[in-house]
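Just below is one structure, and these are the notes that go with it.
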Amino acid sequence: MDPPPLLALLLLLLGAARALSTCHRLDLEAAKKKRIEAVRGQILSKLHLSAPPPDSETPPQPLPDDVRALYNSTQELLKQRAQSRPPPDGPDEYWAKELRRIPMETPGDGEGGSLGVT
């Protein structure tokens, strides 16, 4: 056989093999989009919504002064409590300092007599 007909035959067989193949290339972008849509659907389902809420076109309003003052005073109070709190105990303070032995009754010494007999 001449090389050109052999090459043509190989190309023909390769094309037929590709047509019979059920494997497809993995499109990472498509897989990523499907995953994002699945997560979005799960979130909407958890919130009992059928669609995401529409974006509001109005800019956020500035916080009222009393809300800002309450937030700042709360932050200051938390800082004061954190400073006045004693430092956490080290690992030596975590474990028990004394051991107690609790005697256990052997089977059959209980109130009901031997096991299985009432």
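Positions -19 to -1, 1 to 99 (mature numbering (1 follows the signal peptide of the UniProt record, and there is no 0)) are the ones given, in order, by the sequence shown.
Glycine included, each C-beta is placed from N, C-alpha and C at the ideal position.
A distance of 8 angstroms or more separates the beta carbons of Pro35 and Leu25. Annotation for Leu59: the continuous alpha helix (DSSP H) segment containing it runs Asp46 to Ser65. Take Tyr75, set aside five residues on each side of it, and no residue of its chain has a beta-carbon closer than 6 angstroms to its own. If you look at Leu25, you'll find it in the alpha helix (DSSP H) that goes Leu9 to Lys27.
Collapsing the DSSP output to three states places Leu(-11) in a helix. Leu(-6) and Leu7 have their alpha carbons spaced roughly 20 angstroms apart.
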